Every structure is written in structure tokens, then in C-alpha cells.
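In what follows, a structure is listed as C-alpha cells, so that the remarks can point back to it.
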Amino acid sequence: MSQTITLEKTGPEAAQLKPLSVDQQIEAIIKKDTKSAYVHSQSTLSKGVPTGGDPRGLKILPETTRKRFEEAGIDLSKGYPYVPNKNDIPIFLDEATKIRNDGFPFVERGVNADPEKKAFFGAAKQVINLTTKVGTEIVGLQLSDLTDQQKDELALLVAERVVVFFRDQKLSPQKQLELGQYWGQVELHPQSPRVPGLPGVGVIWQNYSLGHLSFKNNTFGNFGIRDAVYGSQTWHTDLVHEFQPAGITHLHNDAIPELGGDTIWSSGYAAYDKLSPALQKFLDGKEAIYFSAHGYIDRDDPFSGPKKIERRHPIIRTHPSTGWKALFVNRSMTKSIVGLEPPESSVILNYLLDVLEKNADIQVRFNWKPTKPGYGTSAIWDNRVSVHSTVWDYEGLEPRHGTRVTSLAEVPFFDAESKSQREALGLSLD
Ligand SMILES: O=C(O)CCC(=O)C(=O)O
Ligand SMILES: [Fe+2]
1 MSQTITLEKT GPEAAQLKPL SVDQQIEAII KKDTKSAYVH SQSTLSKGVP
51 TGGDPRGLKI LPETTRKRFE EAGIDLSKGY PYVPNKNDIP IFLDEATKIR
101 NDGFPFVERG VNADPEKKAF FGAAKQVINL TTKVGTEIVG LQLSDLTDQQ
151 KDELALLVAE RVVVFFRDQK LSPQKQLELG QYWGQVELHP QSPRVPGLPG
201 VGVIWQNYSL GHLSFKNNTF GNFGIRDAVY GSQTWHTDLV HEFQPAGITH
251 LHNDAIPELG GDTIWSSGYA AYDKLSPALQ KFLDGKEAIY FSAHGYIDRD
301 DPFSGPKKIE RRHPIIRTHP STGWKALFVN RSMTKSIVGL EPPESSVILN
351 YLLDVLEKNA DIQVRFNWKP TKPGYGTSAI WDNRVSVHST VWDYEGLEPR
401 HGTRVTSLAE VPFFDAESKS QREALGLSLD
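Per the UniProt record's numbering, the very first residue in the sequence shown carries number 1; after that it's consecutive.
Given below as C-alpha cells:
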């Protein structure tokens, strides 16, 4: 498959242009006028929207998404996406930190699964491992038809392979939510736009947030310099500021660009296996500070600017199903290693992040295109043992839209008796 691509000229001269009104911005999106939309990208459509359904989003909703929602009986009459009521969004840091601070029961489904996964594999036409260490594609199986036994086996497969893909799916947002609820308590994100009537189903839609239009190559931090249209998302893992952070995330993309818009995952197990035994030993049992994506006001120091929620978690964590150790750091949301001087922490942390981000042999890059037009593609990954980054290379304003359900998991732990993946599989060189 090939496609001729003409990159728009943007940059300083584009930034000189007059910002557009919201209506003009919507027009620009409909006409796929990248340059005009880019000019406005600093103040995104998703900011400052009225609470409730956003009527503006409906105007640019991709056809495949609209069809999927209609078939599922989603009420779009008030607009799309649903934007949370401002009164429900915590403003102060202490309020935001308190959400789920007390913990909740969690059942790890993969633990009880048949290690051979006979029920799950038996129902699939094909099982394709995409690389040696990470990523498996399942062919010929509908996620909406899984039995509980198959869901347990899939959870174990996701834990082992880090991310598992399913093309050509017919999946309603309600079924997607049900599946997520089976794997854990579903995250109800107070800020994020969501599918109307389904608080646990978030929306990933760059054409709405225009996120990718304002990003440059941003390896060294979020929200990089705005002098290029394209880039990639800062490597991250989801919701690490939670007391019980994300386990499985399931993103179902129902509008997929003709070319591009891939996502990359890197394995935390394999990253750990790349460290020397001396560095592994140093890190085992250490903790790091993780922070939230959103900022909040500090009641005691309200004028100091937004502050992030911070949590302490083990920097090497043991996965409860596989029992393997994984490196648990990410560029977007890991602040420092506890117990080290700031410069020491920064050097070591940067090295660890580089191991995850710069080694293609522990990564998988996935293109979401279904083989059947009109069908969607699901990626199901384990945030406890991976980081991911979306590639915003797709041309102009081609639609890319997905619904996302995240199941929260256990309080992260490190088991000193646990093994690395190579050790457990008998591949260790020493
Ligand atoms: O759009 C994607 O490929 C992934 C977006 C993302 O970071 C997520 O869903 O957690
Ligand atoms: Fe993410």
C-alpha cells in the first residue's frame, strides 16, 4: 500500500496568522484545512466547551463512529463527546489525591487462567506473535463473544505478551465497558470527554483535541515546541498517579487513517532484562515518585501554579499473573527515584527511560487498519509492564477516533523472590 503525501508548510509564518473562531476551526477540520486548524491549535476545541454533550463534535464525527454508535443505541441527540460537568471535576490537590486513596478490592483474572489458554486459542483462527518479546495479533475471534474462561486466558496472554491486537471487530461501547469491568474497576476519569451515557468509556480523538497538530518530536517532554505539525506522543503508561494504577487498557479504534496513526509499545519486562545484574540489584526494591497528567490548586499555596498528584510506587514491579519483574518508569509521569540526590536520580532515570524508548527489539509498532472496511480494531495492553506512544504522522485531519476503557489493578508491589522474564523462561545468559 502506498500513498503520496504532501506535508503542509507550517511553522513561524503559520503562527503569525490570525487565530480562528471555533466555528471557523470546525470548518477547517471539515475541509481538512490543516494549516488553518494548526493556527488555532493552541486553544483546542476540547477546552472551554460547555458541560454536557458538545454539539460541535457531532459536526466532525467520523461516519464509521456514528454508525457504530447508532447500532449500539448511543444517544447523540445532545452532542458528542459528553464533557464532564465542571462541578464534578476536582479543583484542589487534596480533593484530587483523595479519589480512591483508600483502595478497592481487585481480582487478578490471569492468575486463574489455563497457562496453555486452550479455550481462547482454540476459538481463534490464527495467533500471530508480531515480535519475539512483545505484541500478538489474534485473527478470527470477536471480543464481544468471549466466555469468562476466555477472558481470563486473554488477561494472562496480555500479561505475557504486553499487548494483544484484534482487527475486524464489531464491538459496541457497552460490550467494551463490560469486558473492562470484568478485568477490574473501570477508571472514571473526572476530566476526560466520554461517550454519552457511559462514564467509563473515554474518547481518544485527536481531531477533537487537535493534540497532534501542536506537537513536535517531543522525546524530552510533553507539549513540545510548536513549530511542526507532526510528532509522536511522549512515551507513557496510563494513570500512574492512582493508588491502584491502571492494569489493562482497551482502546478500540473505530475510525482509522488510510495510512499512519500507528501506536508503539515497549516492554517493561524486556527493558529490565537489558540492565546489568548490578543495576538490577540496585533498583530492586527501590521506589519512585509518579505524578498525574492534570494539575490542581494547592489550598495552602494557591498562587504557586498548578500542582500534580504524586504517588510512590516500586520502580521495579512484579506482575501478579506472570510473576515477572518489569521496569515501571515512563517519560511523562515519573519524577524521581526515592533516596537519591536529584542529579543522581535524573541521570539514572533518563538512562532507564532511554532503555525503554530506544531499543526497537523490545518494541512493537502496530498499524490499526482493519482488513474489512467499516470494522474496528482493538488493542489491549497491560500498563503495569509497558509504555506506549502514538505516532501522529497521519495526514492533515484524517479522522482517527477510538473509545477507551481502563481497568484499574492492584497496589503495585515488588516481590524480591520474583524472576525476570528471561530468567523465568530459562533464557538467561548467566
Ligand atoms: O491513540 C493511541 O494510540 C493511544 C492513546 C493513549 O495514550 C491511550 O489510549 O492511553
Ligand atoms: Fe495512554
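The beta-carbon is built from N, C-alpha and C at its ideal position, and this holds for glycine as well. Bear in mind the structure is a predicted one, so any value in this text is a computation, not a measurement.
Check	Outcome
Sheet register partners of Ala379 (DSSP bridge)	Phe165 and Leu251
Endpoints, beta strand (DSSP E) assigned at Val201	Leu198 to Trp205
Beta carbon shell of ligand 1 at less than 7 Å from a heavy atom	Ile204, Gln233, His236, Asp238, Thr249, Leu251, Thr263, His388, Thr390, Gly402 and Arg404
Where Arg68 falls: helix, strand or coil (DSSP)	helix
Nearest residue (CA-CA) to Tyr182, options Pro193, Pro84, Glu153 and Val338	Glu153
Selection from Asn350, Tyr208, Phe166 and Val139 that minimises the alpha carbon distance to Leu327	Asn350
In chain order, each alpha helix (DSSP H) run of at least 4 residues that lies wholly inside the region 378-424	421-424
Alpha-carbon to alpha-carbon, Phe106 and Pro412	12 Å
8 Å Cβ cutoff, Ser192 in contact with chain C	No chain C appears in this structure, which consists of one protein chain only.
Beta-carbon proximity of Leu239 to Pro245, cut-off 8 Å	yes
Where the beta strand (DSSP E) containing Leu266 begins and where it ends	Strictly speaking, residue 266 in this sequence is Ser, with Leu absent from that position. First-last of the beta strand (DSSP E) with Ser266: Thr263 to Ser267.
C-alpha distance - Tyr375 paired with Gly260, whole-angstrom precision	17 Å
Alpha-carbon spacing of Gly224 relative to Val391, whole angstroms	Reliability of the predicted coordinates at Gly224 is poor, the pLDDT of 32 falling under 50, and the value obtained from them is presented with this limitation in mind. Those two C-alpha atoms are separated by around 15 Å.
Opposing strand residues paired with Ala246 [DSSP bridges]	Leu408
Which of helix, strand or coil DSSP assigns to Asn112	helix
Classification of Leu45 by the beta-carbon crowding that lies within 10 angstroms, buried from 16 upward	Any reading at Leu45 is ruled out, since the residue's pLDDT is 48, under 50, leaving its predicted position unreliable.
Whole-angstrom distance between Val164 and Ser144, CA atom to CA atom	15 Å
Cβ-Cβ distance between Glu187 and Leu352 below 8 Å	no
Nearest-angstrom Cα separation, counted from Gly53 out to Asp361	43 Å
Counterpart residues of Tyr290 in DSSP-defined beta bridges	Arg311 and Thr334
Residues that residue 483 bridges to, as DSSP identifies them	Missing from the structure shown is residue 483; the chain here goes from 1 to 430 and no further.
Own chain residues within Cβ distance below 6 Å of Ser292, not counting five before or after	His241, Lys308 and Ile309
Strand pairing of Val129, partner residues [DSSP]	Just to set this straight, residue 129 is Asn in the shown sequence, not Val. Note: Asn129 sits in a beta bridge opposite Thr136.
Helix, strand or coil at Gly180 according to DSSP, with G and I counted as helix	helix
Three-pair Cβ contact test at 8 Å for the region 119-126 versus the region 78-98	no
Same chain, Cβ closer than 8 Å to Ala424, neighbours up to 5 away in sequence not counted	Thr322, Gly323 and Trp324
C-beta contact flag for Trp381 and Thr234 at 8 Å	no
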